[in-house]
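**Student:**
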Amino acid sequence: MGLLDPLRGHGIRDRIRWFAHAATPSVVLDELTHRRSQRERRENRSDGAWDLSWIEVTPNCRIAVFWSVVPGVGSGPSASVYVHDSEVMRLDCFGADEGHMHLNPTQVEALRPVSDPRVYFEPGDRGRHVQRARFELATNLPAALAANRLRRVRSADIPVEAVTTAAATMATSMAILVDRHGSGVE
Numbered sequence: 210m211g212l213l214d215p216l217r218g219h220g221i222r223d224r225i226r227w228f229a230h231a232a233t234p235s236v237v238l239d240e241l242t243h244r245r246s247q248r249e250r251r252e253n254r255s256d257g258a259w260d261l262s263w264i265e266v267t268p269n270c271r272i273a274v275f276w277s278v279v280p281g282v283g284s285g286p287s288a289s290v291y292v293h294d295s296e297v298m299r300l301d302c303f304g305a306d307e308g309h310m311h312l313n314p315t316q317v318e319a320l321r322p323v324s325d326p327r328v329y330f331e332p333g334d335r336g337r338h339v340q341r342a343r344f345e346l347a348t349n350l351p352a353a354l355a356a357n358r359l360r361r362v363r364s365a366d367i368p369v370e371a372v373t374t375a376a377a378t379m380a381t382s383m384a385i386l387v388d389r390h391g392s393g394v395e
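Basically the numbering used here = 1-based index in the sequence shown + 209.
Quick look at the structure:
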């Protein structure tokens, strides 16, 4: 398998982006990606998210909970977890076989098109995906932090008890959104 095999079948734009990322020092790339992601947050876009609320976990960690619509994928409650304003986890509870999570989504974006940025939940309705999202947040936030390329995120001190409490609050907020906007599986 050659170096370019993962890019086979992708357009010139994807290839150029991949080579630019490969040639940029990781410290510079990480900071540029972080800054770009702050401008492009889904919950800030009026065409894809609404009914936003925030959960403060610690002074350096907060969670945006919102109703999300992603054309071609699905709709449902979503949550984005930010540590030092860097998105480290996104949980999309779209129902059917479209519920999924992203770990360090802005970092994974730099690896596209060679990787799929989603980890899918087992098929189920939105309520079941909300419970799965609660479990994933409480269980996998430390792994997302440890895998993050920004040192300030990796070294963030977020107590397990605070994450467990925030996961329960997030699940309640998401359940309210399901009641408010629809419990279907679209």
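Cβ coordinates follow ideal geometry from the N, Cα and C atoms, glycine included.
Quick caveat, the model's predicted, so the values are computed rather than measured.
Identify, in the order they occur along the chain, each residue of the same chain with its Cβ nearer than 8 Å to the Cβ of alanine 380, setting aside the five sequence neighbours on each side.
**Tutor:** Counted from its first residue, the sequence shown places residue 380 at position 171. Correct list, in chain order: Val339, Gln340, Ala342, Arg343.
**Student:** Three or more C-beta pairs closer than 8 Å, one from the region 264-273 and one from the region 359-379: is that the case here?
**Tutor:** The region 264-273, when compared against the region 359-379, does touch it at the 8 Å Cβ threshold.
**Student:** Reducing DSSP to helix, strand and coil, say where isoleucine 385 ends up.
**Tutor:** Numbered from its first residue, the sequence shown carries residue 385 at position 176. Helix.
**Student:** Looking at tryptophan 182: is its Cβ nearer than 8 Å to the Cβ of leucine 386?
**Tutor:** In the structure as shown, the chain starts at 210 and stops at 395, and residue 182 therefore has no counterpart that could be examined.
**Student:** Quick one: what's aspartate 301 bridged to in DSSP?
**Tutor:** Within the sequence shown, the letter at position 92 stands for residue 301. In the DSSP output, where bridge partners are listed per residue, aspartate 301 has Ser287, His309.
**Student:** Whose C-beta lies closer than 8 Å to the C-beta of serine 297 among residues of the same chain, with five residues either side of it excluded?
**Tutor:** Working through the sequence shown from its first residue, we reach residue 297 at position 88. The sequence given here has valine at residue 297, not serine. These residues qualify, in order along the chain: Val290, Tyr291, Leu312, Asn313, Leu350, Ala353, Leu354, Asn357, Val362.
**Student:** So, with DSSP's three-state summary, where would you put glycine 336?
**Tutor:** Translated into the one-based positions of the sequence shown, residue 336 becomes position 127. Helix, per DSSP.
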